[in-house]
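Worksheet for the structure shown next.
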Amino acid sequence: MPSNNYYDVTAWSVGNPAKDVGEVINSIIADIKERQYAADVNNGGKPGAVIYLPPGDYHLRTQVVIDVSFLRIEGSGHGFTSSSIRFNVPGDEWPDLHELWPGGSRIIVDLPSAGEGEESKGAAFLVERSGSPRISSVEFSNFCIDGLHFIPDGSAMPPENTYVNGKTGIYVASANDSFRVTDMGFVYLENALTIHKADALSIHHNFIAECGSCIELRGWGQASKITDNLVGAGPKGHSIYAENHGGLLITANNVFPRGASSVHLNGVTRSSVTNNRLHSFYPGMVILAANSSENLVATNHFLRDHEPWTPFLGVDNGLDDLTGLLCVTGSNNSVIGNHFSQIIDSQSIRPTGGMPVIIRLMGGVGNFVSNNHVVAKDVASKTSDSCFESQVDALLTTGSSDSLAVAAVVVDPGSARNTILDSGTDAQVIADRAVNAFRATPTVGF
């Protein structure tokens, strides 16, 4: 027997999903609430529903407001393709491209840009409900949210490269429990995912790239995970950001370059950043700030190299090479078994004549830094008009290059009682030996 709790947007009686899928989904949610009004019927009563988006393009001109639990919105394909590459291909080449736009089950965000301070109004999906219990088990799965275009931001950057348009994919404003975002595609949004007050949130196996900021966990939260995603923000935003979270697991993500940071934790405690592949064109790749303490940063691969793609030359995040690739302001963190590759042109180091820093302990006490491996090479940077080919060439080039002098670990005066083991030679570790424990990585004799 077909279920009346399964909805296909193309078969619903209200609205036209191709012209405004927001109107259609809001009408479906209203129907769910009208039918599932009783809180307790035979030990049940509000099972929720599935809303299905078949493959196709759906313009969204009305914001979807979700205020029911147990709702799953799903499609049949995350549909990501690089809009940035296409917009930086000369227009006379467009007729020969196989496709121009993202595909799959694709929602095109046609909302007006949100005004300053009204970020939630620019969201395709707004999740918000007051009262008790918290809204729970809302799921987004296997469709694409496309912001379509970026706009001028007052800089000299071409509009399609600004990462600015006031649009957000999913904005969760209320405290929530057991949400899932899986197998999604997000592209050309100023903010892909912004989630407040999350408990047991799962952001898993998504493709979130070419967005101003990709994943932001705000307010506070606990026991959540960000796992197995492909992520890449713009130079003004965060690839992965969390504040005031405990028990957060960030694991097995492949974080692309160009975001202002790869992982930025602000006041985060007793959490793990493990087994990620992190790539950046700038310092400040992983930041533990605002007394982020008792965290584990382990077995990650850090790669810092240069922007090879011509349209983004000269763009950076404003940090110099003394900042460090991993910056820690907090206590009792463990930094263990990470690999760092610093592959840069010595002529580009800022400030001129400075020694690039890999791990910097800026504040806090009792941090444990052990068995980290640093590879530092001085290379002649190259650029290309081809994004894909230039980045692949840069990644695969490991030929003979001159070594680059770096400070593997720097401990600022504001940090003390740290233990640093086998993470740099005696010359590569800058720390007050009177207030920090240190054992140097052995050097090979000549």
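By the count of the working numbering, the sequence shown reaches residue 470 at its end, each step adding exactly one.
The C-beta atom is built at its ideal place from N, Cα and C for all residues, glycine as well.
- Within the same chain, and ignoring the five residues on either side of N185 in sequence, the residues whose Cβ sits closer than 8 Å to its Cβ are S108, F111, N112, F174, P335, F336.
- For R158, same chain residues with a beta-carbon under 6 Å away, outside a window of 5 residues either side, are A199, N200, D201 in chain order.
- Apart from the 5 residues on each side of it in sequence, A62 sits with its Cβ closer than 6 Å to the Cβ of G69 in its chain, given in chain order.
- Counting along the chain, E58 sits inside the alpha helix (DSSP H) bounded by residues 41-59.
- Residue nearest to D177 within the set D170, G190, L428, S165 is G190 (criterion: CA-CA distance).
- CA-CA distance, L77 to F231, rounds to 18 Å.
- For L343, the closest C-alpha among the options R384, A284, A313 is that of A284.
- Residue nearest to L172 within the set N166, T105, T218, I219 is T105 (criterion: CA-CA distance).
- In its chain, beyond the 5 residues on either side, V381, R384, I454 have a beta carbon closer than 6 Å to the beta carbon of V434.
- For F149, same chain residues with a beta-carbon under 6 Å away, outside a window of 5 residues either side, are V88, I194 in chain order.
- Taking all protein chains shown into account, E142 has fewer than 16 neighbouring C-beta atoms within 10 Å of its C-beta and is therefore exposed.
- Remark: fewer than three beta-carbon pairs, one from each stretch, lie closer than 8 Å, so the region 120-136 and the region 222-239 are not flagged as touching.
- With 16 or more neighbouring CB atoms inside 10 Å of its own CB, A400 falls in the buried class.
- Rounded to whole angstroms, the Cβ separation of F167 and H262 is 23 Å, and the two are not in contact under 8 Å.
- In the three-state reduction of the DSSP assignment, N185 falls in the helix class, which pools H, G and I.
- Runs of beta strand (DSSP E) with 3 or more residues, each lying fully within the region 69-99, are found at 73-77, 80-84, 88-90, 95-99, listed in chain order.
- With fewer than 16 other CB atoms across the displayed protein chains lying within 10 angstroms of its CB, S179 is exposed.
- In the three-state reduction of the DSSP assignment, A314 falls in the coil class.
- One thing to note: H269 has its Cβ no nearer than 9 Å to the Cβ of S296.
- Between the alpha carbons of T206 and L320 lies a distance of about 25 Å.
- Taken through DSSP and simplified to helix, strand or coil, D450 comes out as helix.
- S355 counts as buried, since no fewer than 16 other beta carbons sit within 10 angstroms of its beta carbon.
- DSSP places K401 within a strand segment (E or B) once states are collapsed to three.
- Between H288 and the set C351, P281, T218, the nearest pair of CA atoms involves C351.
- Within its own chain, the residues whose Cβ lies closer than 6 Å to the Cβ of S100, once the five positions on either side in sequence are excluded, are P79, S129, listed in chain order.
- Minimum Cα-Cα distance from R301 among the listed residues R294, I52, I274 corresponds to I274.
- Looking at the backbone, the Cα of V151 and that of N290 are separated by about 24 Å.
- If one requires a minimum length of 4 residues, no alpha helix (DSSP H) run lies completely within the region 196-272.
- A distance below 6 Å between beta-carbons, with the five flanking residues on each side excluded, links D436 to the following residues of its chain, in chain order: M386.
- In the structure shown, the three-state DSSP call for A440 is strand.
- Per DSSP, the continuous beta strand (DSSP E) segment holding S285 begins and ends at 285-290.
- Taking 8 Å as the upper bound for CB-CB distance, L84 and V133 are in contact here, some 5 Å apart.
- Annotated three-state conformation of A35 is helix, per DSSP.
- DSSP, read as helix, strand or coil, puts W333 in strand.
- Judged by their CB atoms, A440 and N460 are nearer to each other than the 9 Å cut-off.
- A Cβ-Cβ separation of about 17 Å leaves N442 out of contact with V398 under the 8 Å criterion.
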